[in-house]
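Top line first, the protein sequences correspond to chains A and B. Residue numbers 1 to 278, in this note's numbering, belong to the letters of the first sequence in order. Residue numbers 1001 to 1278, in this note's numbering, belong to the letters of the second sequence in order. C-beta: ideal position from N, C-alpha, C; glycine also. On a predicted model such as this, the values are computed, not experimentally measured, just so you know. Quick notes on the structure that follows.
Protein chains: 2
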Amino acid sequence: MGGSLALALRGRCAKIIAVDRDAHTRENARAIVDETSDDLARIASADVIILALPVRAIIAMLPRVGALAKPGAIVIDLGSTKRAIVQAMEQLPAPVQAIGGHPMCGKENSGFDAADANLFCDARFVLTPLARTSPQTLAFAQSLVESLGARAIILDAARHDKIVAAISHLPFALASALMTIASEIAREDDLVFELAASGFRDTSRLAASDVTMMLDILLTNRDNVANAIRASARNLETLADMIERGNETELRVTLNQIAEQRRAVFNPKSEIINPKLQ
Amino acid sequence: MGGSLALALRGRCAKIIAVDRDAHTRENARAIVDETSDDLARIASADVIILALPVRAIIAMLPRVGALAKPGAIVIDLGSTKRAIVQAMEQLPAPVQAIGGHPMCGKENSGFDAADANLFCDARFVLTPLARTSPQTLAFAQSLVESLGARAIILDAARHDKIVAAISHLPFALASALMTIASEIAREDDLVFELAASGFRDTSRLAASDVTMMLDILLTNRDNVANAIRASARNLETLADMIERGNETELRVTLNQIAEQRRAVFNPKSEIINPKLQ
């Protein structure tokens, strides 16, 4: 994500410095950025500090960032949950400006070698201001987002976290449950995965997400994620009951309603989100 | 599916006749097949009769097919569950040969206007012979499947139905549960679907499947589908418990195992099924 952001911002900043502990990451970053460093102290010269890390790594790093950042510097993060990060940002020294960020575009492959300047094009990019975020900082963050080709959506962190539990964390949980059950059946029958087609592939895709990133997400959004998962488990039990009863009318009404909801959100031909929602 | 099959078989058969009640379907078929008809009696001249219909429509039609088919004709179906169809095929007159078929390649859009000659390329095509299926009929069905570029997999109907419950019908149920829960949250917050990205799109895709086709599938595979759905609901409750407990070690072990299973089945870069399984 940081690599894609650097690529998208190249030529629009006086200087881009990539700070990373990992020598291999810095090596890959060299083709994209103006300078690489393993020393966090290099952020002391930055006007804008963008934290592209898993959620809890961002939270753990914020005190050091606050101690190093120059007065007036703007700190933005790209973490996937926002309540815990925004809370930690509130503790930054008063002269440092901060705002939460979450680009709503996924990628299974991470690292600078997978960097893609177009990753943010037409994506939604949520910004979660703090009470102390100045109007100038918010305006700057919005223009940064728009310069990536993305669309800024300003939300409070609690609302963001509830929404992403439904559209991002629950899909991961369902993909993981699918992979678990299919693997159990595959232990008894070695043809299971050989017969899997595009439907299984797409529905299970998120189960291969980066585990460290997902752990940070799930553990900083526990209430919303657990609620959404339990609601889906209850819904699945109801569906199993309907199928066992074999009442065709109730099943048809239910499935038609769901299919219509899906078709209302995504154009069935292009699988692009319905323009009415854009 | 019938349209794609006709397109793939064009030039390899003496004559292809498309029989359909619907005038619009016949109109679209005209560019692909040699003859169209709304009269099922036209199958009386056919050496091979392929039934491309939802499962229960196939079962309902089999007695009439049996009465019309000439001695030695081969009846093949493309239905998505196989036990109920194979059982109905057992009732066909003795001189008619029959074998169940299920091409493992999905398509949301149906009809001759969505026909795709490459739909079957590299796909698995399950064949479920009856006790009475002759070796010659089985060999013919295999060569027909291979002429499509697909790979024939011979299975008994019960084994097929258990496998597809896990890799095809459970993904539909999970996609439907996701759409239901997200829609419930969207009723309280109109930004929910606007923020949905590729992860939600892919995980929910099957929820837009054709309802009539899915009803036939679910209602002719009730035991296997209900078992798979209930197992996934239990699995989701366990995952919600783990997230609520916040025990990072157990969560990391569990999610790592699932992610590794997913990566073992599909190549993470290409999302193509792992060559070891092919």
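- In this structure serine 168 of chain A is in contact with phenylalanine 1200 of chain B, their Cβ atoms being roughly 7 angstroms apart against a cut-off of 8 angstroms.
- For the set B/Pro1054, B/Gly1079 and B/Ala1098, the Cα lying nearest the Cα of lysine 1070 of chain B is the one of B/Ala1098.
- Taking a Cβ-Cβ threshold of 7 angstroms, the residues of chain A close to phenylalanine 1266 of chain B are Arg201, in chain order.
- Of all C-beta pairs linking the stretch 1225–1238 of chain B to the stretch 201–210 of chain A, fewer than three are shorter than 8 angstroms, placing the two stretches out of contact.
- Here DSSP, grouped into helix, strand and coil, assigns glutamate 1271 of chain B to coil.
- Alanine 1173 of chain B sits away from isoleucine 185 of chain A, with the two beta carbons spaced by 8 angstroms or more.
- Alanine 1115 of chain B has its alpha-carbon roughly 10 angstroms from the corresponding atom of asparagine 1028 of chain B.
- Not flagged as an interface residue toward chain A: methionine 1213 of chain B, since no C-beta distance is shorter than 8 angstroms.
- Looking at the DSSP output, glycine 2 of chain A bridges to nothing.
- According to the DSSP assignment, phenylalanine 125 of chain A belongs to the beta strand (DSSP E) that extends over 124–129.
- Just so you know, the alpha carbons of arginine 56 of chain A and glutamine 257 of chain A end up roughly 39 angstroms apart.
- Taking C-beta atoms as the reference points, aspartate 38 of chain A and arginine 21 of chain A count as a pair closer than 8 angstroms.
- At a Cβ-Cβ threshold of 8 angstroms, leucine 1195 of chain B and methionine 104 of chain A count as neighbours.
- If you look at valine 1019 of chain B, you'll find it isn't in any alpha helix (DSSP H); it sits in the beta strand (DSSP E) that goes 1017–1019.
- With respect to leucine 206 of chain A, leucine 1251 of chain B sits apart: the two C-beta atoms are not nearer than 8 angstroms.
- Using a Cβ distance threshold of 8 angstroms, glycine 246 of chain A and arginine 1222 of chain B count as a contacting pair.
- Within the stretch 1041–1122 of chain B, the runs of alpha helix (DSSP H) that reach at least 4 residues and sit entirely inside it are, in chain order, 1055–1068 and 1083–1089.
- For the stretch 239–251 of chain A, the set of positions with a beta-carbon nearer than 7 angstroms to some beta-carbon of chain B reads Leu239, Ala240, Ile243, Glu244, Gly246, Glu248 and Leu251 in chain order.
- Inter-residue distance for phenylalanine 1125 of chain B and alanine 1158 of chain B is about 16 angstroms (C-alpha atoms, whole angstroms).
- Exclusion of the five residues before and after threonine 1081 of chain B leaves Val1055, Asp1161, Ile1217, Thr1220 and Asn1221 as the residues of its chain whose Cβ lies within less than 6 angstroms of its Cβ.
- Residue-level contact check: aspartate 189 of chain A touches chain B, since one or more beta carbons of chain B fall below 8 angstroms from its beta carbon.
- Note that the C-beta distance between serine 232 of chain A and alanine 1177 of chain B is below 8 angstroms.
- Contact note: methionine 104 of chain A reaches chain B through Leu1195 and Ala1197, using a C-beta cutoff of 7 angstroms and chain order.
- DSSP places serine 1037 of chain B in no alpha helix (DSSP H) but in the uninterrupted beta strand (DSSP E) bounded by 1035–1037.
- Closest option to proline 1171 of chain B, judged by alpha-carbon separation, among B/Ser1198, B/Ile1181, B/Val1075 and B/Asp1202: B/Asp1202.
- Annotated as proximal: isoleucine 1076 of chain B and valine 1048 of chain B, with beta-carbon spacing under 8 angstroms.
- Collapsing the DSSP output to three states places isoleucine 154 of chain A in a strand.
- At least one CB atom of chain A sits nearer than 8 angstroms to the CB of glutamate 1237 of chain B.
- Identification of chain A residues near asparagine 1118 of chain B by a Cβ-Cβ cut-off of 8 angstroms yields none; the smallest Cβ-Cβ distance measures about 13 angstroms.
- Counting of Cβ neighbours within 10 angstroms places histidine 102 of chain A among the buried residues, the total reaching 16 or more.
- Pairing glycine 100 of chain A with phenylalanine 120 of chain A gives a Cβ-Cβ distance that is not under 8 angstroms.
- About 6 angstroms separates the CB atoms of isoleucine 163 of chain A and leucine 1191 of chain B; that is less than 8 angstroms, so the two are in contact.
- Counted as a single uninterrupted DSSP element, the alpha helix (DSSP H) harbouring leucine 1219 of chain B occupies residues 1211–1219.
- Distance check between glutamate 1035 of chain B and each of B/Ala1006, B/Leu1053 and B/Ala1052 places B/Ala1006 closest, using alpha-carbon atoms only.
- Isoleucine 1058 of chain B counts as buried, since no fewer than 16 other beta carbons sit within 10 angstroms of its beta carbon.
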